[in-house]
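The numbering of the sequence shown is my numbering, which starts it at 3 and goes up by one. Here the structure is laid out as structure tokens; the discussion comes afterwards.
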Amino acid sequence: ISLVQSIVNNPDQKLKDLLIVSESDRKMLAEFNNTKRDISSCLISELFEQQAVVLPNKTAVISGDLQITYGELDNRSNQLANHLISLGIRGGDVVGMCLERSAEMVVAVLAVLKAGCCYLPIDPIFPNDRIAYMYEDSRAKVLISQSSLKEKFNDFPETIMVLTDIDRDKISGHSTKKPAISIDNQSLAYMIYTSGSTGKPKGVKVHHEGVVNFIESMFEKPGIKESDILLAVVTLSFDMSVYELFVPLSKGATIVVATSRDTTDGSALIDLINKHDISLISATPSFWSILLASGWEGSDRIKGLCGGEALTSGFVSQILPKVGEFWNCYGPTETVVYSTCIQITSAGIPILIGKPINNTFIQILDKNSKELPVGVTGEVCIGGQCLTKGYNNLPELTAEKFVVIEDDRRVYRTGDLGRFISDGNIELFGRSDNQIKLRGFRIEPGEIESHLTRIPLVQEAVVRIHKFDQNDERLVAFMNVEEGFNLTREDIINSLSRRLPSYMMPSFFQTSVGFPRLANGKINKKALALEIKGPEKGKDIELTPVEKVIYNIWSEALKTGDIKATDNFFEVGGNSLLAISVFSKIEAAFNIVLGLRIFFDSPRIKDLAEVIDISIQKNVKQKSIKKTIIDDSRIIEGEI
3 ISLVQSIVNN PDQKLKDLLI VSESDRKMLA EFNNTKRDIS SCLISELFEQ QAVVLPNKTA
63 VISGDLQITY GELDNRSNQL ANHLISLGIR GGDVVGMCLE RSAEMVVAVL AVLKAGCCYL
123 PIDPIFPNDR IAYMYEDSRA KVLISQSSLK EKFNDFPETI MVLTDIDRDK ISGHSTKKPA
183 ISIDNQSLAY MIYTSGSTGK PKGVKVHHEG VVNFIESMFE KPGIKESDIL LAVVTLSFDM
243 SVYELFVPLS KGATIVVATS RDTTDGSALI DLINKHDISL ISATPSFWSI LLASGWEGSD
303 RIKGLCGGEA LTSGFVSQIL PKVGEFWNCY GPTETVVYST CIQITSAGIP ILIGKPINNT
363 FIQILDKNSK ELPVGVTGEV CIGGQCLTKG YNNLPELTAE KFVVIEDDRR VYRTGDLGRF
423 ISDGNIELFG RSDNQIKLRG FRIEPGEIES HLTRIPLVQE AVVRIHKFDQ NDERLVAFMN
483 VEEGFNLTRE DIINSLSRRL PSYMMPSFFQ TSVGFPRLAN GKINKKALAL EIKGPEKGKD
543 IELTPVEKVI YNIWSEALKT GDIKATDNFF EVGGNSLLAI SVFSKIEAAF NIVLGLRIFF
603 DSPRIKDLAE VIDISIQKNV KQKSIKKTII DDSRIIEGEI
């Protein structure tokens, strides 16, 4: 408004001149970024060790029926750290970690840090080719895993492997004394790989100082108490797991580790929340939506943190009555998890992302890296002690994204568009590039497009998000192919699945010979329209009666009839949130109650139909037995 008034009052003044930051604006922006605080000059693991000394008998981690105290966790992580050192690793080495979600995972993370090393989280669901690239690119020296996952690393014959179950006796034979290491807070703590626009994931190098600053800032806002019990639900390869692990363990709180199966099963999550009296959860909007869709009644004891995706007013209005506090948190992996936070108290628009955390500053810059005044939209750039060490083996990309601005300050260009408002909070307006955020995952469409164009006869590809319903957003791919291209959707998925994780797999693949073009020859992406054929109810294919009912429900939800009885629901466009709605309809159609876990164990039409057939037969048999018992009792009593 002030800009418009200035133009009206001074018609000869140019807009670019009005965007110069005034002295009063400079003072205001400086106050917004007045976040300097003293932080501990220690390593991440030392924050935990302080709690282990004070609270040795306090429960640190709960995983299933297993409970580990702070003292036990300290001893076990020291033993594994000493074992790693005995294998020849030294401070600064990278150690790969591929473990199922468990207490053992927490022990391993702390052990790697105590050995002075940098941990490389590898999600077991990642394709083997992606795992191999990450491992090789990071130059990892050792891999910590378990026997059930050992086959994923058959192509790593020269790698030193530590299998936590098989090597348990070897590990427990080492000293429980903390190993002596010679690293400082500028040494790397972990390396997380995110999607890369070049077709390969990129590793973000994160050092101890940045994480310690983040942890101690989280102590203040949103805050955490020693009495808190946190439900850990985020995969280790997602940077929100850094909050889940290190913030509670640095404060003497307790972590309840949900298994991989639990994290997608709303009913199981609700059981965990109730059983352990959970008071703290940090997760994506998709996770919270799974809870809501599963009938969660909520708890005013819970403080909820939310990040990874933009919040909507509709979602906020649903979640606020279910929790005691709800915080919106924002920040990319390149600046250590959360860089801003704000408590959300109403569903009113706009939904803000808050103010910078401790020792962090944010500037809104134009394309020439010039600071913009309060109220003007530009690129959100983040600097301070939160800044990581850039990308592994990618100096040019590091130089492009981590830039030096005026006063020799270094910032990370997020690619997010936003502005400061007059109270110092920040409002976001989407992206300045094509990057996608889907269910908490950061996805570069270019990585998927790069792999699509490697398929024979595929000339070009465009990948983007398509919104089918309010809670149903999926990736779709448009492919410009040559004459003679005849690969099926299954063929394309098989090709991509060797390199891309499931969350980066498009649900639809639409082919055409040629793409619409702009006058300059570039692809007219706005003209690419998804042609949804819709469900084909009663499709004449070889299905049993039960399979046909499931097929009709699936095809309606997935917006396609291109489904086979052997298709995996989660590989043809389904996700955890959609599964809740679909399975509810399946149970209603057959008048049975199986529990959502069955869907995750039997995610194919054929397998699910077999489970339902057995359940129906069991119900019929039970009704028959019940009727016989009733009739027999009537005979005995003389009624018949």
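Just so it is clear, CB atoms sit at the ideal spot from N, CA and C, and this is done for glycine as well. Here the structure is a predicted model, which is why all the values come from computation and not from measurement.
Would you mind stating whether V325 and I304 have Cβ atoms separated by less than 7 Å?
-> Your numbering for residue 325 matches position 323 in the sequence shown. Your numbering for residue 304 matches position 302 in the sequence shown. Going by C-beta atoms, V325 is nearer than 7 Å to I304.
So what's W556 in DSSP terms, helix, strand or just coil?
-> Position 554 of the sequence shown, counted from the first residue, corresponds to residue 556. Note: W556 maps to helix in three-state DSSP.
P375 in three-state terms, based on DSSP = Counting from one through the sequence shown, the residue named residue 375 turns up at place 373. Coil, per DSSP.
At least 3 beta-carbon pairs within less than 8 Å: the segment 287-305 vs the segment 379-387 = In short, these stretches do not touch, since the Cβ pair count stays below three.
Output the distance between the C-alpha atoms of G350 and M163, rounded to the nearest integer angstrom.
-> Reading the sequence shown from its first residue, position 348 is the one you call residue 350. Reading the sequence shown from its first residue, position 161 is the one you call residue 163. Straight-line Cα distance between these residues: approximately 52 Å.
Among F221, T568 and L530, which one has its Cα closest to the Cα of K550?
-> Taking the first residue of the sequence shown as 1, we reach residue 550 at position 548. Out of F221, T568 and L530, T568 has the C-alpha closest to the C-alpha of K550.
Nearest neighbour of D27, chosen from I283, G212, E612 and D425 [CA to CA] | Counted from its first residue, the sequence shown places residue 27 at position 25. The residue from I283, G212, E612 and D425 with its alpha-carbon nearest to that of D27 is D425.
Under the three-state reduction of DSSP, which class applies to F592: helix, strand or coil?
-> Counting from one through the sequence shown, the residue named residue 592 turns up at place 590. Reduced to three states, the DSSP call for F592 is helix.
Report yes or no: do three or more beta-carbon pairs, one from the segment 180-196 and one from the segment 39-59, lie closer than 8 Å?
-> The segment 180-196 and the segment 39-59 touch, with no fewer than 3 CB-CB distances between them shorter than 8 Å.
Exposed or buried, which one is S509 when buried takes at least 16 other CB atoms within 10 Å?
-> Looking up residue 509 in the sequence shown gives position 507. Buried is the label assigned to S509, since at least 16 other Cβ atoms lie within 10 Å of its Cβ.
Evaluate contact between the segment 96-104 and the segment 116-134, counting only Cβ atoms and requiring at least three cross-stretch pairs below 8 Å.
-> Yes, the segment 96-104 touches the segment 116-134.
With A134 as the anchor, note down where its alpha helix (DSSP H) starts and where it stops.
-> Within the sequence shown, the letter at position 132 stands for residue 134. Counting along the chain, the alpha helix (DSSP H) containing A134 begins and ends at N130 to S140.
So is D241 buried or exposed if we call it buried at 16+ other beta carbons inside 10 Å?
-> Indexing the sequence shown from 1 puts residue 241 at position 239. Note on D241: 16 or more other CB atoms within 10 angstroms of its CB, so buried under the neighbour-count rule.
Report the residue ranges of all alpha helix (DSSP H) runs contained in full by the segment 445-473; include only those spanning at least 4 residues, in chain order.
-> Fully enclosed alpha helix (DSSP H) runs of 4 or longer: 447-454.
Where do the N-terminal and C-terminal ends of the beta strand (DSSP E) with W290 fall, by residue?
-> Residue mapping note: residue 290 aligns to position 288 of the sequence shown, counting from 1. Residue range P287 to A295 is occupied by the alpha helix (DSSP H) that includes W290, with no beta strand (DSSP E) assigned at that position.
Residues near A83 by beta carbon distance below 6 Å, same chain, minus five either side = For the purposes of this step, residue 83 is taken as the residue at position 81 of the sequence shown. Taken in chain order, the residues that qualify are A113, K116, A117 and P181.
Own chain partners of S583 with C-beta closer than 8 Å, once the 5 adjacent residues on each side are dropped = On the sequence shown, position 581 is the one that residue 583 refers to. Around S583: A295 and A559.
For V405, name the three-state secondary structure that DSSP assigns.
-> Here residue 405 corresponds to residue number 403 of the sequence shown, with the count starting at 1. If DSSP states are grouped into helix, strand and coil, V405 belongs with the strands.
Under three-state DSSP, which class holds A62?
-> The residue you call residue 62 lines up with position 60 of the sequence shown. Strand.
Residues in its own chain within less than 6 Å of N436 by CB, not counting five upstream and five downstream?
-> On the sequence shown, residue 436 is found 434 positions in, with the first residue counted as 1. Answer for N436: P447, listed in chain order.
Could you say which of Y195, E462, S239 and L293 lies nearest to K204 if we only look at CA atoms?
-> Here residue 204 refers to the residue found at position 202 of the sequence shown. Measuring from the Cα of K204, the nearest candidate turns out to be Y195.
Three-way DSSP call (helix, strand, coil) for Y121 in this model = Taking the first residue of the sequence shown as position 1, residue 121 is located at position 119. Annotated three-state conformation of Y121 is strand, per DSSP.
Consult DSSP for E544 and reduce its assignment to one of helix, strand or coil.
-> For the purposes of this step, residue 544 is identified with residue 542 of the sequence shown, where counting begins at 1. Reduced to three states, the DSSP call for E544 is coil.
Out of S88, P547, R263 and L247, state which residue places its alpha-carbon closest to the alpha-carbon of T256.
-> As a position in the sequence shown, residue 256 is number 254, starting the count at 1. When only C-alpha atoms are compared, the closest one is L247.
8 Å Cβ shell around P397 - same chain, five flanking residues per side excluded | Within the sequence shown, numbered from 1, the residue matching residue 397 stands at position 395. If we look at P397 and ignore the five residues flanking it on each side, it has no Cβ neighbours.
Who are the near neighbours of G73 in its chain, counting only those whose CB is closer than 7 Å to its CB and skipping five residues on each side?
-> Locating residue 73 in the sequence shown gives position 71, counting from the first residue. Taken in chain order, the residues that qualify are A54, P58 and N59.
Please name the residue, chosen from E153, S578 and D139, that lies closest to T286 on a Cα-to-Cα basis.
-> The residue given as residue 286 occupies position 284 in the sequence shown. Answer by Cα proximity: S578.
When DSSP labels each residue in this structure, what does G426 get in the three-state scheme?
-> If you number the sequence shown from 1, residue 426 lands on position 424. The three-state reading of DSSP puts G426 in coil, since its state is none of H, G, I, E or B.
Considering only C-alpha positions, which residue in the set R132, S177 and D603 is nearest to H653?
-> What the structure shows of the chain is the stretch from 3 to 642, and residue 653 is not part of that stretch, so it cannot be assessed.
Hey, how far is the Cα of I600 from the Cα of T562?
-> Along the sequence shown, one-based indexing puts residue 600 at 598. Along the sequence shown, one-based indexing puts residue 562 at 560. Answer to the nearest angstrom: the Cα atoms are 23 Å apart.
In the structure shown, what three-state DSSP assignment does Q15 receive?
-> If you number the sequence shown from 1, residue 15 lands on position 13. Because Q15 sits at a pLDDT of 42, beneath the cut-off of 50, its placement in the model cannot be relied upon, and the following sentence gives the value as read from the coordinates. Three-state DSSP puts Q15 in coil, outside helix and strand.
Between V483 and V460, is the Cβ-Cβ spacing less than 7 Å?
-> Here residue 483 refers to the residue found at position 481 when the sequence shown is read from its first residue. Here residue 460 refers to the residue found at position 458 when the sequence shown is read from its first residue. Yes, the pair counts as a contact, with Cβ atoms nearer than the cut-off.
Measure the beta-carbon distance from L233 to L274 and round it to whole angstroms, keeping in mind my assumption that it falls under 8 Å.
-> Mapped onto the sequence shown, residue 233 falls at position 231. Mapped onto the sequence shown, residue 274 falls at position 272. About 6 Å separates the Cβ atoms of L233 and L274, confirming a contact at the 8 Å cut-off.
If you run the structure through DSSP and keep just helix, strand and coil, what is S514?
-> For this step, residue 514 is matched to residue 512 along the sequence shown. Here S514 sits in strand by DSSP.
Any idea what DSSP makes of D302, helix, strand or coil?
-> The residue given as residue 302 occupies position 300 in the sequence shown. DSSP places D302 in strand when its eight states are reduced to three.
Please classify K253: is it buried, with 16 or more other beta-carbons within 10 angstroms of its beta-carbon, or exposed?
-> Start at 1 with the first residue of the sequence shown, and residue 253 comes out as number 251. With 16 or more other Cβ atoms within 10 Å, it is buried.
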